[in-house]
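To keep things clear, I will list the structure first and then write my remarks on it.
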Amino acid sequence: MKVVYAGSFDPVTLGHISVIERAGHLFDEVHVVIANNRSKKHQFTIEQRTELVKLSIAHMTNAVVVPFEGITADYVNDNGIAAVIRGIRNSTDLEYELQLEQYMRSTSNADTIYLSPYTKDIQTSSSLVRMFIQSNKIDKARDYMNPDAYNQMVAFIQSLRN
Numbered sequence: 534m535k536v537v538y539a540g541s542f543d544p545v546t547l548g549h550i551s552v553i554e555r556a557g558h559l560f561d562e563v564h565v566v567i568a569n570n571r572s573k574k575h576q577f578t579i580e581q582r583t584e585l586v587k588l589s590i591a592h593m594t595n596a597v598v599v600p601f602e603g604i605t606a607d608y609v610n611d612n613g614i615a616a617v618i619r620g621i622r623n624s625t626d627l628e629y630e631l632q633l634e635q636y637m638r639s640t641s642n643a644d645t646i647y648l649s650p651y652t653k654d655i656q657t658s659s660s661l662v663r664m665f666i667q668s669n670k671i672d673k674a675r676d677y678m679n680p681d682a683y684n685q686m687v688a689f690i691q692s693l694r695n
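Per this note's numbering, the sequence shown runs over residues 534 to 695.
This is the structure:
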């Protein structure tokens with residue numbers, strides 16, 4: 534069964550990787566769709582976010598990383614996706630995700646499956662990593678990211694500063 538896990542991954546964290554790995558254990562093929570939501574101001578370009586995700590899940594043989602302009606329902610419908618994976622950390626996430634599920638049900642035939650990150654990664658968020666970047670404490674982000682992705686992210690940031 535093919536599933537999709539879509540998000541902005543700005544940047545990808547260990548929490549995201551946990552959900553992708555768990556989906557990879559359960560399903561034949563996981564499409565990790567890097568969304569480019571034009572209403573959001575992203576810290577990193579879609580190309581950079583795609584590269585960071587690829588580095589983070591290079592060990593997975595059944596995951597495909599795809600940058601995508603558009604809505605997830607279109608990707609689902611165009612690629613024969615059976616289910617959409619959504620990550621849930623807490624009740625606040627669940628309320629938001631239930632709204633997305635309602636939208637997905639009305640625009641595609643895909644079911645929504647909720648997975649939580651591994652317990653050690655449950656408090657990890659892209660927002661936290663971006664706060665470390667913005668406060669010039671980027672070294673603190675190391676604990677929340679794959680080491681290869683962290684090193685590449687630092688290179689991206691340094692190239693902007695030079």
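Each residue gets a CB set at the ideal place from its N, CA and C atoms; glycine is no exception.
As the crow flies, the alpha-carbon of Glu580 is around 19 angstroms from that of Ser660.
Exclusion of the five residues before and after Leu627 leaves Ile621 as the residues of its chain whose Cβ lies within less than 7 angstroms of its Cβ. Between Val552 and Val599, the C-beta spacing is not below 7 angstroms. By the beta-carbon neighbour count (other beta carbons within 10 angstroms, threshold 16), Arg619 is buried.
In the DSSP annotation of this structure, the continuous segment of the beta strand (DSSP E) that includes Pro600 starts and ends at Ala596 to Phe601. Thr652 and Ser624 have their C-alpha atoms roughly 15 angstroms apart. The alpha-carbon separation between Phe689 and Ser589 amounts to approximately 15 angstroms.
Put simply, of Ser641, Ala596 and His592 the residue whose alpha carbon is nearest the alpha carbon of His564 is Ala596.
Looking only at Ser541, Ala606, Ala682 and Ala591, the smallest Cα-Cα distance to Ala643 is reached by Ala606.
By the C-beta criterion, the stretch 541 to 561 is judged not to be in contact with the stretch 630 to 643, since fewer than 3 inter-stretch pairs fall below 8 angstroms. Taking a contact as a CB-CB distance under 8 angstroms, the pair Ala615 and Met534 counts as one, their CB atoms being some 5 angstroms apart.
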